[in-house]
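Top line first, the protein sequences correspond to chains X and U.
Note that the first sequence covers residues 1 to 386 in this note's numbering.
Note that the second sequence covers residues 1 to 379 in this note's numbering.
Single-structure report; data block below.
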Amino acid sequence: MSELEAFRAEIRAWIEANCPEEMRRPVQGEDDICWGGRNFVFKNAAQKAWMEVCAAKGYTVPDWPKAYGGAGMSPAEAKVWREEMARAGARPPLSSFGIWMLGPALLKFGTEEQKVHYLGQVARGEIRWCQGYSEPGSGSDLVSLQTYGEDKGDHWVVNGQKIWTSYADKADWIFCLVRTDKTNVYQGISFLLFDMTTPGVTTKPIKLISGSSPFCETFFDNVKVPKSQIVGQLNRGWDVAKYLLGHEREMISGAGDGAQTSTIGKVLTRGGLDDPMLRAELAAFDIDALAFAAMGEKFLDEIKVGKAHPAQPNMMKYAGTELNKRRHELLMAAGGSTALEWESEETRGGAPARSWLRTKANSIEGGTSEVMLNVVAKRILELPGA
Amino acid sequence: MPLYYTEDQAMLAESVTGFMADEGGIKKQLRHWRDINCKDGFGHGLWKQFAEMGLTGMLAAEADGGLAMGHVEAGIVLAEIGRNLTPSPFLTTSVMGVTALKDASDELRGRWLPGIIAGETVLAVAIDEGAKHKPEKIACRAERAGNGFRLTGAKDFVIHGTSADAIIVAARTSGSDSDHDGVTLFAVPKDAAGIGHNAVRLVDSSIASHVRFDGVELDGSAVIGEVDGGRAVLNKVLSAGRIGAAAEQTGVGGGAFAMTTGYLKTRKQFGKLIGEFQALQHRAAHLYSELEIAEAVVIKAQQLLDGGSERAELMVSVAKAKAARACNLAVREGVQMHGGVGMTDEYDIGLYMKRERALTEFMGDANYHAERVAQLSGY
């Protein structure tokens, strides 16, 4: 048995022994997700136990170094971990923007002290982060952001407004893009971290067409941020932001996420669906979903060994989100008038319709599909003037 | 296994890419053989060079003088064949033919493999009956006669049928046309009495044959695999042909795409390079995305096939369908973005469109494979 196969056997046995039964059922919706954080209320004891047992082994962030709360797995081992988790149908023990976005940015740009302090808390599910990027006047044109941090010696005083801040009302800390030099567009932004309970921070949820409020408006009114809470160099926060955006796009693309890329034809035709045209559409979708799952696997394999084009997450985000929107269009079509129900018990409170509407944000948040195509055209295809 | 080439595979890709760019180019091969109206539609000289590089027998077992490589490696060669639009009997001979022969007797392997490995022998595969691929139904019959069989019926879309030294024929030895069982594979030598060809040039200038078997007498030793149990071998041949054609299509699509982005960077209108227009940039970027995904699923299916996975059959159909759709988009966008010159015979982009059409049809088009995906998925 090769070392990797021995590792696989070990992981398989560990999951078998430690993953509670309740944590092996498919995630039904956002409220099944374990986000962690100071104020997080676990849905049940199993969810808490699963997070804690994983955190103790570093399995909430398997490929982070052990010193920062991870399990120090190699790319090949991390792939085995993902495969075995999928095989067992085990839910991710912990999901968070700290893991997907801030973590990779801190690993690359953070000081040793920041890594030890913040990453450990993320890995243990102690802190829930939100991302302060977009502003009312700075959406696709993010770099035009106006939130300003005035230099006051040992701290900045931050004033301004963010929008589309995911779960700002539930987050403990924010990683935030703040202008620290008004004379330089790209090299006048800094990447700051601060506590959401700092005086002057307020949030206001935004009600979406889905009826839920995953996003907030976030206001900063004379918020004091100590100088030690900057990541990377002063005025070079755009480098951190871009790096992090790559990870955000990778996350939204659903690469390596079995739920988003699994097929739907068999499930949707189970009730005796008798519509050859819809069946044909489902088959066409399943082909694209299975092909994109392979793309996700290839992308993750390549990114771990530096073979992926640095702008490839933009392609992944574009393709993955467009696919997910199509998935939900088909789910609605197959569901017929039942799927229209907004509050019924049968639809678990209108889950199909609400999810369908939620997916429309996929190709907007984290950079629109159009911006993704711009970036691919410029950085990968190197088309002129792009 | 990661979804990128191993070091050995990357080395193979590098040498094949260089070799094909030098020797397999459009002017040297496709246009040359087309313009002199070559009856084979491909060059035997290049086939010999393939042999010298060890490519013709790459899938054959080492004991048979081959390299015992897999579909990932064969796909590397096919992608370059696609990129250069190189007319070659590689897919029917070295991929489908050799796959069939792997299940053949020592006698049959000894008869055909040495010639293939030496670049002297070409095989064709006769499966389709009618204008659409539908191997679930096989009407061409081989009746028992004496110690052997008598083959009667017709096959269509037999690529390289007239140049082949032997044709591998899927025929019915029992049951009715649509039965699963009762199919047998035969290696039919070209000089067997009673074979009639109607050779036709196709849109991509390859040569296909409508083959008629008029009571062709076959020795029992011509049987590949089990009598009446030929589906097992046939399915392997089909999978090999399908994933091979899909790999070739990623090359065709990639070649057309490279040509098109090149054009976008040089052609000027309205005082600008046309690649500056966002309308074209977005379409090019979308196409890039589709081609990347097609490549990913092709290598995934190749690995599954090489590993003997039970998911291989499904993923081969996914790959064939996805590669067909992506490549089709590449050639349509290619011709459109080239504008008027894209319609001329002088420019190569139209040749990509023609090849794509033929490859899509070969071993089942995207709709055929979508149907298979639905069935294999249980709906």
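We put the CB at the ideal spot given by N, CA and C, even for glycine.
With a 10 Å radius around its C-beta and 16 neighbouring C-beta atoms as the bar for buried, classify residue i as buried or exposed.
| i | result |
| --- | --- |
| residue 71 of chain U | buried |
| residue 31 of chain X | exposed |
| residue 356 of chain X | buried |
| residue 179 of chain X | buried |
| residue 4 of chain X | exposed |
| residue 396 of chain X | Absent from the structure is residue 396 of chain X, since the part of chain X shown begins at 1 and ends at 386. |
| residue 62 of chain X | buried |
| residue 295 of chain U | buried |
| residue 36 of chain U | exposed |
| residue 11 of chain U | exposed |
| residue 180 of chain U | exposed |
| residue 109 of chain U | buried |
| residue 147 of chain U | exposed |
| residue 102 of chain U | buried |
Could you tell me which chain U residues have their CB closer than 8 Å to the CB of residue i, listed as they occur along the chain?
| i | result |
| --- | --- |
| residue 295 of chain X | 292, 293, 296 and 297 |
| residue 269 of chain X | 379 |
| residue 307 of chain X | 4 |
Going along chain X in order, which residues have a C-beta closer than 8 Å to the C-beta of residue i?
| i | result |
| --- | --- |
| residue 288 of chain U | 315, 376, 380 and 381 |
| residue 174 of chain U | The premise fails here: residue 174 of chain U is roughly 32 Å from chain X at the closest Cβ pair, so nothing lies under 8 Å. |
| residue 300 of chain U | 294, 297 and 298 |
Do the CB positions of residue i and residue j come within less than 9 Å of each other?
| i | j | result |
| --- | --- | --- |
| residue 193 of chain U | residue 161 of chain U | no |
| residue 156 of chain U | residue 128 of chain U | yes |
| residue 75 of chain U | residue 244 of chain U | yes |
| residue 152 of chain U | residue 230 of chain U | no |
| residue 421 of chain X | residue 244 of chain X | Absent from the model: residue 421 of chain X. The displayed extent of chain X is 1 to 386, so no value can be given. |
| residue 194 of chain X | residue 240 of chain X | no |
| residue 167 of chain X | residue 159 of chain X | no |
| residue 375 of chain X | residue 311 of chain X | yes |
| residue 187 of chain X | residue 156 of chain X | no |
| residue 139 of chain X | residue 146 of chain X | no |
| residue 206 of chain U | residue 79 of chain U | no |
| residue 286 of chain X | residue 374 of chain U | yes |
| residue 300 of chain U | residue 302 of chain X | no |
| residue 260 of chain U | residue 330 of chain U | yes |
| residue 101 of chain X | residue 251 of chain X | yes |
| residue 336 of chain X | residue 343 of chain X | no |
| residue 248 of chain U | residue 46 of chain U | no |
| residue 293 of chain U | residue 322 of chain U | yes |
| residue 39 of chain X | residue 172 of chain X | yes |
| residue 246 of chain U | residue 319 of chain U | yes |
| residue 98 of chain U | residue 55 of chain U | no |
Write down the C-beta distance between residue i and residue j rounded to the nearest angstrom, noting that I regard them as a contact closer than 8 Å.
| i | j | result |
| --- | --- | --- |
| residue 327 of chain U | residue 252 of chain U | 5 Å |
| residue 158 of chain U | residue 211 of chain U | 5 Å |
| residue 376 of chain U | residue 317 of chain U | 7 Å |
| residue 135 of chain U | residue 67 of chain U | That belief does not hold up - the Cβ atoms of residue 135 of chain U and residue 67 of chain U are roughly 28 Å apart, past 8 Å. |
| residue 22 of chain X | residue 44 of chain X | 6 Å |
| residue 69 of chain X | residue 120 of chain X | 4 Å |
| residue 351 of chain X | residue 29 of chain X | 6 Å |
| residue 352 of chain U | residue 255 of chain U | 6 Å |
| residue 234 of chain U | residue 183 of chain U | 6 Å |
| residue 394 of chain X | residue 200 of chain X | Since the first and last residues shown for chain X are 1 and 386, residue 394 of chain X lies out of range. |
Can you pull the chain X neighbours of residue i, defined as C-beta to C-beta under 7 Å?
| i | result |
| --- | --- |
| residue 285 of chain U | 373, 376, 377 and 381 |
| residue 377 of chain U | 263, 265, 266 and 286 |
| residue 331 of chain U | Those do not exist, as residue 331 of chain U stays about 17 Å from chain X at its closest Cβ, beyond 7 Å. |
Which chain U residues sit within Cβ distance under 7 Å of residue i?
| i | result |
| --- | --- |
| residue 384 of chain X | 265, 273, 275 and 276 |
| residue 91 of chain X | Chain U residues near residue 91 of chain X: none, gap ~23 Å exceeds 7 Å. |
| residue 319 of chain X | 289 and 293 |
Interface residues of chain X around residue i at Cβ under 9 Å?
| i | result |
| --- | --- |
| residue 261 of chain U | 381, 382 and 383 |
| residue 183 of chain U | By Cβ distance, chain X contributes nothing, its closest Cβ being about 26 Å from residue 183 of chain U, past 9 Å. |
| residue 370 of chain U | 280, 283, 284, 286 and 287 |
Looking at the ligand MG, does it come within less than 8 Å of residue i, judged from the CB to the closest heavy atom?
| i | result |
| --- | --- |
| residue 151 of chain U | As far as ligands go, the structure on display features none, and thus does not contain the ligand MG. |
Mind listing the chain U neighbours of residue i? Cutoff is C-beta to C-beta under 9 Å, in chain order.
| i | result |
| --- | --- |
| residue 325 of chain X | In chain order: nothing, as chain U lies at least about 15 Å away. |
| residue 279 of chain X | 374 and 379 |
| residue 302 of chain X | 2, 3 and 4 |
Which chain B residues sit within Cβ distance under 8 Å of residue i?
| i | result |
| --- | --- |
| residue 315 of chain U | Protein chains in the displayed structure are X and U, and chain B is not among them. |
Whole beta strand (DSSP E) elements within the segment 163-208 of chain X, 3-residue minimum: 173-179, 189-195 and 201-206
Any alpha helix (DSSP H) of 4 or more consecutive residues that is wholly inside the segment 229-279 of chain X: 237-253, 258-261 and 265-269
Residue ranges of each beta strand (DSSP E) within the segment 106-194 of chain U, 3 or longer: 123-126, 141-145, 148-159, 166-172 and 183-189
Length-filtered (4 minimum) alpha helix (DSSP H) runs lying within the segment 66-133 of chain X: 75-88, 103-109 and 120-123
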